[in-house]
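Numbering-wise (numbering that gives the first Met the number 0), the sequence shown opens with residue 0 and increments by one.
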Amino acid sequence: MLAKREFTVANTYHYNWSSPMRWIISHLLQYRFLFLGFALLCIVNNIFAASTSLFIGRAFDAVLQKNTALQQLGMITLAMLIVITMQGCCDLGARLTAEMLSKRFARDAREELYTNLLGKSQTFHNRQRVGDIMARASNDMTQLSDMMSPGIDTIMDSFSSLFMSVLFIGLLNPQLLLVPILYVIVFLVALRFYARQLGPVAVNLREEFGQTNAVLTESVNGIEVVKATAQEPQEIHKFVTRASRYRDFYVQNGKIHGRYLPTLLLGIALALAFLHGLYLYSHHEISLGMLVTFMSLMTYLRYVTYMSTWSFSLLRLGVAGAERIISLLKEETELDANMGGHKEEMRGDVVFEHVTFSYGSTPILKDISFHARPGQTIAIVGQTGAGKSTLTKLVNRIYDVDTGRVLIDGVDVRDWDMDALRSQISTIEQDVFLFSRTIAENISYGLGSKADQSAIEVAARDAQADEFIQSFPQGYETEIGERGVTLSGGQRQRLAIARALLTDPRILVLDDSTSAIDSATEDEIQKAIHRILEGRTTLLITPRISQIRWADSILVLRKGELIDQGSHEELLARCETYRRIFSHYDAALPASVGGVEHD
0 MLAKREFTVA
10 NTYHYNWSSP
20 MRWIISHLLQ
30 YRFLFLGFAL
40 LCIVNNIFAA
50 STSLFIGRAF
60 DAVLQKNTAL
70 QQLGMITLAM
80 LIVITMQGCC
90 DLGARLTAEM
100 LSKRFARDAR
110 EELYTNLLGK
120 SQTFHNRQRV
130 GDIMARASND
140 MTQLSDMMSP
150 GIDTIMDSFS
160 SLFMSVLFIG
170 LLNPQLLLVP
180 ILYVIVFLVA
190 LRFYARQLGP
200 VAVNLREEFG
210 QTNAVLTESV
220 NGIEVVKATA
230 QEPQEIHKFV
240 TRASRYRDFY
250 VQNGKIHGRY
260 LPTLLLGIAL
270 ALAFLHGLYL
280 YSHHEISLGM
290 LVTFMSLMTY
300 LRYVTYMSTW
310 SFSLLRLGVA
320 GAERIISLLK
330 EETELDANMG
340 GHKEEMRGDV
350 VFEHVTFSYG
360 STPILKDISF
370 HARPGQTIAI
380 VGQTGAGKST
390 LTKLVNRIYD
400 VDTGRVLIDG
410 VDVRDWDMDA
420 LRSQISTIEQ
430 DVFLFSRTIA
440 ENISYGLGSK
450 ADQSAIEVAA
460 RDAQADEFIQ
470 SFPQGYETEI
480 GERGVTLSGG
490 QRQRLAIARA
500 LLTDPRILVL
510 DDSTSAIDSA
520 TEDEIQKAIH
530 RILEGRTTLL
540 ITPRISQIRW
550 ADSILVLRKG
560 ELIDQGSHEE
570 LLARCETYRR
580 IFSHYDAALP
590 ASVGGVEHD
């Protein structure tokens, strides 16, 4: 059964998430012919490499013969030259295919993770640490690439070298297999023990790296708070503590490498093999050339022995990274894209029927019911923490209700196609997010490439943003910093308003969207919004009385409960909570806001 996603890609290749190794194999199986070609090239490459040892042995025997013809040595030399050339070609092909597999694997895994993260619900993202996600998306992905090349590449090459060396020794003289076979058995046992020891350390290394990266990301993102409160020493201590733990795991990893026995046993094996070869040579069981060939083949065991520590370390780190990535992929998300759901142009009729919602075990909204007819403006007021913003997030399914229903045009939002639902609803929040792109690209973000420059400029003028945009040397092509840090709060909010107006939404959510705009500018923006929002349903959260008073209906929330609703005059007459909120806003704001005098 496939996991729920808010966003899906048609005809997506589905990978096996049951275990890290199966996930890796399912990725590589996409390129099975490339992988088979790589494996075949490694085998052929090492057949040619082992063959050179045979030619060297034959050359020794030929030289020792009294009547050796130069033609015979010339043929051996020519044969060796051909074999070495073929070996070089196969080696180049094997390395090239391994690199191609590595980069394609990493590319596909990155795409899979990125698409999966886009499909996760807001609840999922609320409980994640951005730094840890970035560590998985970047460093763990790099480990996957390194695991394939040079990791698996080296393992495949070295083990095919081991197999071919033993095979050629057997073909040379079966009696010579005694020491190589014993060494291979001991080597494989030691390697299994080494890999089992390395596994938990590799997992801890990847996990600690993610936590260290999370601490660093939080400190950088919150640098204003850190400096404003003079907490640099505390942040340094947190980072050094994490970095020290990361170092300790690396030290533990080094100790495991240091106790790796095959590197010591290899020297013993080579000595025993030489003694065994000399014994057979002294009893005329083998020739001197065969002894030279035997020892040459034995030296190939050095490659697999020394490379196994490094390559298996890359393999274990890659598997540990895959495990961390899979754990993120398999995280449950509460919402589904519902691609076969309702798709119609909205009229903007919004109904809440006995809606209850909670974050985990914390109740936020309780039994909320109201009706917003097409074209109406519904203001939502209440003290901080009353659930105002959460209520609006149920309309476009950022969150799903626990009980009750939210209907748009008579259809439960859970039955709408997610893309059709959200593409017709725009939200402008107080905390505006802008991308590190041009101003034009930020305004047109909701439409992508479908927006033309003239429409962008019209939306900017309606949002009172055109004047400050034109003051920049590059105008609409001006690059802005991450999150719009190069702009003032009012400028960021005007760009967000322009972005929302450009999408021509049927339902608009304004969540304190003019908090950073001066009264004179706000008056102009409100005139533009009044003109453009004719026939559109608006949910309005604001402390500005000038905006609340022209709403068709006002919802009064207190501790997640809808205690009253009605017009401004009706609520002033009968709702003590509204009068208290109104007087609070009245005292907090200037006597004239947006051109409307207070009572």
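Cβ coordinates follow ideal geometry from the N, Cα and C atoms, glycine included.
Small disclaimer: the values here were computed from a predicted structure and weren't measured.
In chain order, what residues of the same chain have a beta carbon less than 7 Å from the beta carbon of residue i, not counting five sequence neighbours either side?
i	result
R372	D348
R579	none
T96	L33, G36, F37, L40
R421	N395
D399	E333, L334, R413
S286	D60
Could you tell me how far apart the beta carbons of residue i and residue j are, in whole angstroms, since I believe they sit closer than 8 Å?
i	j	result
E352	R404	5 Å
G447	T502	Incorrect: roughly 11 Å between the Cβ atoms, too far for contact.
L143	A321	6 Å
L100	L27	7 Å
T355	D401	5 Å
T389	I363	5 Å
A268	M163	The Cβ separation is near 17 Å, so there is no contact.
T157	V303	A small fix is needed here, since residue 157 is Ser in this sequence, not Thr. Indeed they touch by this definition, with Cβ atoms about 4 Å apart.
A602	R493	Missing from the structure shown is residue 602; the chain here goes from 0 to 598 and no further.
E5	A464	The Cβ separation is near 30 Å, so there is no contact.
I75	S159	Actually they do not touch by this definition, with Cβ atoms about 25 Å apart.
Considering residue i, what are the terminal residues of the beta strand (DSSP E) in which it resides?
i	result
H353	349 to 358
S368	361 to 371
T11	From DSSP, T11 is part of no beta strand (DSSP E); its letter is neither H nor E.
R421	Note, R421: premise wrong, no beta strand (DSSP E); alpha helix (DSSP H) at 417 to 421.
G403	402 to 407
D563	560 to 565
S425	424 to 428
R557	552 to 557
T537	536 to 540
L509	506 to 510
G381	376 to 381
Mind checking residue i: buried by the 16 CB within 10 Å criterion, or exposed?
i	result
Q423	buried
L602	Given a span of 0 to 598 for the chain in the structure shown, any question on residue 602 remains unanswerable.
R106	exposed
Q490	buried
Q564	buried
M20	exposed
R436	exposed
F299	According to the sequence shown, residue 299 is Tyr rather than Phe. Y299 is buried by the Cβ-count criterion.
A229	exposed
T211	buried
Going by beta carbon distance, what residues of the same chain come within less than 6 Å of residue i, once the five residues before and after it are set aside?
i	result
V595	Unreliable positioning characterises V595 in this predicted model, as indicated by a pLDDT of 35, which lies under 50. The coordinate reading is nonetheless provided below. Answer for V595: S545, listed in chain order.
L53	T292
S591	No answer about S591 holds up, because its pLDDT of 39 lies below 50 and its placement is not dependable.
V165	P179
L588	Note that L588 scores 48 on pLDDT, short of 50, meaning its location in the model is unreliable and no value can be drawn from it.
R346	P373, D408
H124	none
S443	A450, I455
L175	I168, F293
D598	Note that D598 scores 31 on pLDDT, short of 50, meaning its location in the model is unreliable; the coordinates nonetheless yield the value given after this. Result list for D598: empty, nothing under 6 Å.
L161	V303
Q251	V200
R128	A213
S310	G150, T153, I154
Would you give the residue range spanned by the alpha helix (DSSP H) that residue i belongs to?
i	result
T76	69 to 117
A134	129 to 134
Q121	121 to 125
R498	488 to 501
A201	177 to 220
A49	31 to 63
N395	Here N395 belongs to no alpha helix (DSSP H), and DSSP marks it neither H nor E.
Y249	231 to 257
M147	It is not in any alpha helix (DSSP H) - M147 carries neither H nor E in the DSSP assignment.
P173	Looking at the DSSP string, P173 is not in any alpha helix (DSSP H), and its letter there is neither H nor E.
I547	544 to 547
Return yes when the C-beta of residue i is under 6 Å from any heavy atom of the ligand GTP, and no when it is not.
i	result
I379	By its list of ligands, the structure shown contains no ligand whatsoever, and the ligand GTP lies outside what it can speak to.
Here's a check: name, in chain order, each residue in its chain whose Cβ is nearer than 8 Å to the Cβ of residue i, leaving out the five neighbours to either side.
i	result
Q391	In the sequence on display, residue 391 carries Thr and not Gln. Only I379, T426, V508, D510, L538, I540 meet the Cβ criterion.
L177	H275
H256	T308, S312
Could you confirm whether any beta carbon from chain B is found closer than 7 Å to the beta carbon of residue i?
i	result
G409	Absent from the structure is chain B; it holds one protein chain and no more.
Length at least 3, wholly inside the stretch 429 to 477: the beta strand (DSSP E) runs in chain order = none
Quick one: which unbroken alpha helix (DSSP H) runs of 4-plus residues sit fully inside the stretch 275 to 352? Chain order, please.
-> 287 to 328
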